[in-house]
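Colleague: Using mature numbering (1 follows the signal peptide of the UniProt record, and there is no 0), the letters of the sequence shown correspond one by one to residues -31 to -1, 1 to 406.
Backbone N, C-alpha and C define an ideal beta-carbon position, used for all residues, glycine too.
Computed from a predicted structure; not experimentally measured.
Sharing a structure below in structure tokens format, with a few things to ask.
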Amino acid sequence: MRTVSRRLASIIAALMAVAVSGGLLVGSASASGPGSVATSSYDDEIAAAEQSQADNQQSLDDLESQMEDTDAAIVEANRKLQELQDKLPGLQQQLDLAQERYDAAVLQQQIVADKLAAAQAQDQALTDQISKDEDRVGTIRQAIAAIARDSYIGNDITSLGVVLGAQSSDQFVADYAARDAAARVQSNALAEMEQITAVNRNRETRQTAVRQEIERLKLEADQLVTEAEAAKQEAADKKAEVESALAEQQQLQSYLESQRQSFMDQQAQIEADQEAVRQELRDLLAKAAAEDAASSPTPIGIGVLNFPTKVPYITSSYGMRYHPVFHYWRLHAGTDFRAYCGTPIYAAASGKVLWAKYRSGFGNQVMLNHGTFNGDSLATSYNHLSKFAVSAGQYVLQGDLVGYAGSTGSVTACHLHFEVYVNGNTVDPMTILGPVP
């Protein structure tokens, strides 16, 4: 139990150190303004840091008090469970982000694939059109060659040759029309061929750009494949991490649930043992009251008792306490004071030592009978001591040393558990001790 407590203490101490240093840094930065304002800001932030430190320490004290009487394995399992519960939302968020990155990579892959398919289709269309037009150019060239060949085989195709070579006016007209038609066909064919050649040059330029874009898209597609695989692996890793955390969470919850009944039985036994101690006290007080009829006329109230430590610091007050693991309420029948191992513990009032011995749950316990006040008996107990300084039957004065703080019994760390009894029943010690000095 002490190991767990030290771990918790080190965590809180680190948090407090950060809080204090953070406050000091902020305060230093604000000191650049007017002196009075800077000082005020500095003081405020120091006070806030000190309050944060006190709050953190109180949280640690409360946790240790709530977990008192709890087995170290249960405390450790609960600590791990709390860590997992705090960690899981972040893990789930990381998984969601990894899945989003993977989905985005897959979508981008599809976009690039569509662009690549469109570019390749455009490249093929240009290739087909260029090929078709080249076939057309070939056909035109053949036609022009045929016209040229026919013209070469025939007679003079000049106007004078047609006139001089005609045998009749009808032949002249026919020959001239044929020559004119051939010339126009040839001219139109040459013009079409030039147009097709120009269009194809433009298509080839476009096709070069398209093929460059295809190569770029292929490189981008290859890169996206790598990125998508990395995103997929990251998502798979995060999913495995979440599933592992959930499985461990379930395992810890099952373990804690399996320990619940044995813990409750143990607590019932501890409470029964402690109640037996208190009943023994009642019997002794009743016997002592019967033997000693003397009674102080002073009623029991604030100031009758002194604090049992030189520097009283309350870590847990009297009252009902909620167990953070097994979720049930129980009475914390005393006030816990911070007292490191070996801290001297003093008698809160003069009285007789009823016993100084080990008691179940309480550990090493000193029980003092302070007599009766206006008919009411008053007793105090000092619990979890590491060592006794008194023995049964001894009479001590207020402020005398009775023992040293320890961690015996059912506790998580060294401290003093101080109980006050009026007529054998526990009461809030602060109603008799008064305000903390």
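With DSSP run on the structure shown, which of helix, strand or coil describes residue 476?
Modeller: There is no way to answer for residue 476, as the model of the chain reaches only from -31 to 406.
Colleague: What number of angstroms, rounded off, separates the C-alpha of GLN155 from the C-alpha of GLN164?
Modeller: One C-alpha to the other measures close to 14 Å.
Colleague: Residues bridged to SER285 by DSSP?
Modeller: According to DSSP, which records beta bridges pairwise, SER285 is partnered with ASP305.
Colleague: Whose CA, out of ALA160, GLU198, ALA257, GLY332, lies closest to the CA of ALA73?
Modeller: Taking only the C-alpha atoms, the option nearest ALA73 is GLU198.
Colleague: Quick check on DSSP: helix, strand or coil for ARG185?
Modeller: Helix at ARG185.
Colleague: Could you pull the start and end residues of the beta strand (DSSP E) that LEU370 belongs to?
Modeller: Run containing LEU370: 370 to 374, per the beta strand (DSSP E) assignment.
Colleague: Assuming contact is defined by CB atoms lying nearer than 7 Å, are GLN93 and VAL179 in contact in what I supplied?
Modeller: The answer is no: Cβ separation not under 7 Å.
Colleague: With a threshold of 6 Å on Cβ separation, who are the neighbours of ASN333 within its own chain once the five nearest residues in sequence on each side are excluded?
Modeller: Here the set comprises TYR327, LEU354, THR377.
Colleague: To the nearest angstrom, how far is the alpha carbon of ASP397 from that of PHE387?
Modeller: Going from the Cα of ASP397 to the Cα of PHE387 covers about 10 Å.
Colleague: Quick one: Cα of PRO268 to Cα of GLN218, how far?
Modeller: Approximately 55 Å between the Cα atoms of the pair.
Colleague: Does the distance from the C-beta atom of ARG170 to that of LEU95 stay below 7 Å?
Modeller: No, these two residues do not count as a Cβ contact at 7 Å.
Colleague: Short of 8 Å in beta carbon distance, which residues of its chain neighbour LEU53, apart from the five on each side in sequence? Order them along the chain.
Modeller: These residues qualify, in order along the chain: ALA214, GLU217, GLN218, LEU221.
Colleague: Express the C-alpha separation of GLN236 and LEU300 in angstroms, rounding to a whole number.
Modeller: Rounded to the nearest angstrom, the two C-alpha atoms are 12 Å apart.
Colleague: If you run the structure through DSSP and keep just helix, strand and coil, what is PHE342?
Modeller: Correct three-state label for PHE342: strand.
Colleague: Hey, how far is the Cα of ALA112 from the Cα of ARG175?
Modeller: ALA112 and ARG175: Cα-Cα distance of roughly 30 Å.
Colleague: Any contact between the region 358 to 365 and the region 277 to 286? By contact I mean 3 or more CB pairs, one from each, below 8 Å.
Modeller: With a cut-off of 8 Å, the region 277 to 286 and the region 358 to 365 do not count as touching, because too few Cβ pairs lie within range.
Colleague: Under 7 Å between the Cβ atoms of LEU274 and LEU402?
Modeller: Yes, the Cβ-Cβ distance between LEU274 and LEU402 is below 7 Å.
Colleague: Closest by CA to ASN338, which one among SER350, PHE331, GLY344?
Modeller: Comparing Cα-Cα distances from ASN338 to each of SER350, PHE331, GLY344, the minimum goes to SER350.
Colleague: Are GLN78 and LEU193 close, meaning C-beta to C-beta below 7 Å?
Modeller: Contact flag set, yes.
Colleague: Among the residues of its own chain, which have a CB less than 7 Å from the CB of ASN392, if the five just before and after it don't count?
Modeller: Answer for ASN392: ASP345, SER346, listed in chain order.
Colleague: In three-state DSSP terms, what is ALA114?
Modeller: Helix.
Colleague: In whole angstroms, give me the CA-to-CA distance for GLY372 and VAL211.
Modeller: Looking at the two C-alpha atoms, the distance is approximately 51 Å.
Colleague: Hey, how far is the Cα of ASN124 from the Cα of ARG153?
Modeller: Residue placement at ASN124 is poorly supported in this model, since its pLDDT is 47, which falls under 50; the coordinates are not used for a value here.
Colleague: From the DSSP output, which residues share a beta bridge with PRO313?
Modeller: Beta-bridge pairing links PRO313 to TYR373.
Colleague: Which of the three DSSP states is assigned to LEU250 in this structure?
Modeller: Reduced to three states, the DSSP call for LEU250 is helix.
Colleague: Which residue marks the beginning of the alpha helix (DSSP H) containing THR400, and which one marks its end?
Modeller: From DSSP, the alpha helix (DSSP H) with THR400 extends over 399 to 402.
Colleague: Quick check: the region 302 to 310 against the region 282 to 289, are there 3 or more CB pairs under 8 Å?
Modeller: Cβ pair count under 8 Å is three or more, so yes.
Colleague: What is the DSSP secondary structure of SER360, counted as helix, strand or coil?
Modeller: Correct three-state label for SER360: coil.
Colleague: Using a Cβ-Cβ cutoff of less than 7 Å, which residues in the same chain neighbour ARG189 once the five nearest sequence positions on both sides are dropped?
Modeller: It is worth fixing the name first, because residue 189 is Glu in this sequence and not Arg. VAL81.
Colleague: Could you tell me the distance, in whole angstroms, from the CA atom of CYS310 to the CA atom of MET336?
Modeller: The straight-line gap from Cα to Cα measures roughly 20 Å.
Colleague: Going by Cα to Cα distance, which pick from GLU184, SER223, MET399 is closest to ALA317?
Modeller: Taking only the C-alpha atoms, the option nearest ALA317 is MET399.
Colleague: Assign LYS207 to buried or exposed, taking buried as 16 or more other Cβ atoms, counted over all protein chains shown, within 10 Å of its Cβ.
Modeller: The residue in question, LYS207, is buried, as its Cβ has 16 or more Cβ neighbours within 10 Å.
Colleague: Taking all protein chains shown into account, do 16 or more other C-beta atoms lie within 10 angstroms of the C-beta of PRO404, making it buried, or fewer, making it exposed?
Modeller: That one is exposed.
Colleague: So, are the CB atoms of ILE43 and GLN238 less than 7 Å apart?
Modeller: Their beta carbons are not under 7 Å apart, which means ILE43 does not touch GLN238 by this criterion.
Colleague: Give me, in chain order, the residues of the same chain whose beta-carbon lies closer than 6 Å to that of CYS383; leave out the 5 immediate sequence neighbours on both sides.
Modeller: Taken in chain order, the residues that qualify are TYR309, CYS310, ALA374, GLY375, SER376.
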